[in-house]
Amino acid sequence: MTSASPTPTSLDAVPAAVETELRSFFDVAVPAAAEIAPVVGTAAELVRDFVLQGGKRIRPVFAFAGWRCGMTESGRADSDAASSVGREARDALRVGAALELVQACALIHDDIIDQSDTRRGHPTLHRVFQSRHAAASWAGDAAGHGVAAAILAGDLALAWADDLVHDHRPGVSDTSRYRALPPAVGATWAAMRTEVLGGQFLDIVNEASGDDSAAAAYRVMEFKTAAYTVARPLELGARLAGASEILVATLRKIGHDLGIAFQLRDDQLGVFGDPERTGKPSGDDLVSGKRTALLATALRRADDSDPALGNRLRDFIGRPLDEDELGSARALLVDVGAVAEMEGQIDDLLGAALGALDTADIGDDIRSELTAVAHRTAHREA
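Counting in our numbering, the sequence shown runs from 34 upward without gaps.
Okay, here's the thing in structure tokens:
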């Protein structure tokens, strides 16, 4: 059994501590899955490996930041009750670990929807299952099997997330279980799950219907990204610490603005990012036809300038592109001013988030650390 990590002394230490929590959970969850059948155990191992193979761990960082904000508001972080604070910090870390499992579910399913071949420089999970089917010379369509197996693997990750939050870990005695979380945490968790799934559903409907409006793109961002990437993690951590509703509202405002900025940056990276850093093929969002805010803005500006220009841009959407075509599509996005407009929005959103952070009744240390994380979130390169 992997031992528990000490309470992180800074937000930079949170990813390593959360990974320890995840490994501890997998130590009991994967063998329990293997008891059903060896092939189920193999699938569970693949989900474990997918979760542990990388990622920014940004959601756990924001959850732990929210907890520290709540603790400094109440004054308990500087109290002598070190053991109590340590137990509550462990709760924040396990909620952060659960968020990573929700993220794994979302990524596995997103890769299926987008028919992506790689994720973080590795084959996507449905391609892994497809390859295993082909290597074993099983009956039926290997690609179809890969999709079906990966859907179930994503479902397993989501179920495991709930197991962590509510401590339904298999094979753990009652005396060794975590403390029950406050009802407000459970309510926030439930709302977040529904929001992220609803945002994903809106995303696929927008693609199918051809709705390339900015309003549609921002509505998807609201629920698919902003809420569950920043706003809800901050809220979960704050509610764990018993934060006031005033502070929770402030953190949700920060999370909303910073979460939208995060997604706008993601849109830029989806077209202009370095595959060596992003782990995804360059231009993947164009090829998959993803209705992003960047694309919606570019189409609006192109149509306003010259309808023929808008039609030319539309011709690059939703189909494979060679290097010359990708270069032409990128040049169009720049030339019509869409990239500059998105950069301006990112800066404005970051400024609004930092302005709200300045008003929060929290400790100076966590304010400073959260400010640094906000800058990295908005201006990341991967």
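For glycine and all other residues, C-beta sits at the position ideal for the given N, C-alpha and C.
Quick caveat: nothing in here was measured; it's all calculated off a predicted structure.
C-beta atoms of residue i and residue j nearer than 7 Å
i	j	result
residue 293	residue 191	no
residue 393	residue 283	yes
residue 371	residue 327	yes
residue 130	residue 55	yes
residue 332	residue 245	yes
residue 325	residue 374	no
residue 280	residue 402	no
residue 272	residue 320	no
residue 146	residue 159	no
residue 101	residue 51	no
residue 386	residue 291	yes
residue 141	residue 169	no
residue 276	residue 103	yes
residue 256	residue 288	no
residue 186	residue 61	no
residue 415	residue 310	yes
residue 388	residue 267	no
Three-state secondary structure (DSSP) of residue i
i	result
residue 153	coil
residue 171	coil
residue 370	coil
residue 67	helix
residue 124	helix
residue 340	helix
residue 143	helix
residue 250	helix
residue 432	Past the boundaries of the shown model lies residue 432; the chain is included only from 34 to 415, so the question cannot be answered.
residue 74	helix
residue 195	helix
residue 244	coil
residue 87	coil
Residue i versus residue j: straight-line alpha-carbon distance, rounded
i	j	result
residue 242	residue 133	31 Å
residue 355	residue 66	43 Å
residue 278	residue 399	19 Å
residue 97	residue 173	46 Å
residue 149	residue 295	21 Å
residue 228	residue 269	14 Å
residue 368	residue 411	23 Å
residue 188	residue 138	6 Å
residue 74	residue 63	6 Å
residue 395	residue 151	41 Å
residue 124	residue 334	47 Å
residue 94	residue 181	32 Å
residue 71	residue 122	36 Å
residue 252	residue 68	42 Å
residue 317	residue 87	20 Å
residue 48	residue 164	31 Å
residue 363	residue 308	15 Å
residue 346	residue 377	22 Å
Residue i: first and last residue of the uninterrupted alpha helix (DSSP H) it sits in
i	result
residue 256	Counting along the chain, residue 256 falls outside any alpha helix (DSSP H), and DSSP gives it neither H nor E.
residue 44	Taken as a continuous stretch (DSSP letters only), residue 44 belongs to no alpha helix (DSSP H), as it is neither H nor E.
residue 401	397-411
residue 213	From DSSP, residue 213 is part of no alpha helix (DSSP H); its letter is neither H nor E.
residue 93	91-107
Segments of 4+ residues assigned as alpha helix (DSSP H) that fall wholly inside the stretch 252-330: Given a length threshold of 4 residues, each whole run of the alpha helix (DSSP H) inside the stretch 252-330 is given here in chain order: 265-273, 278-305, 308-311 and 317-321.
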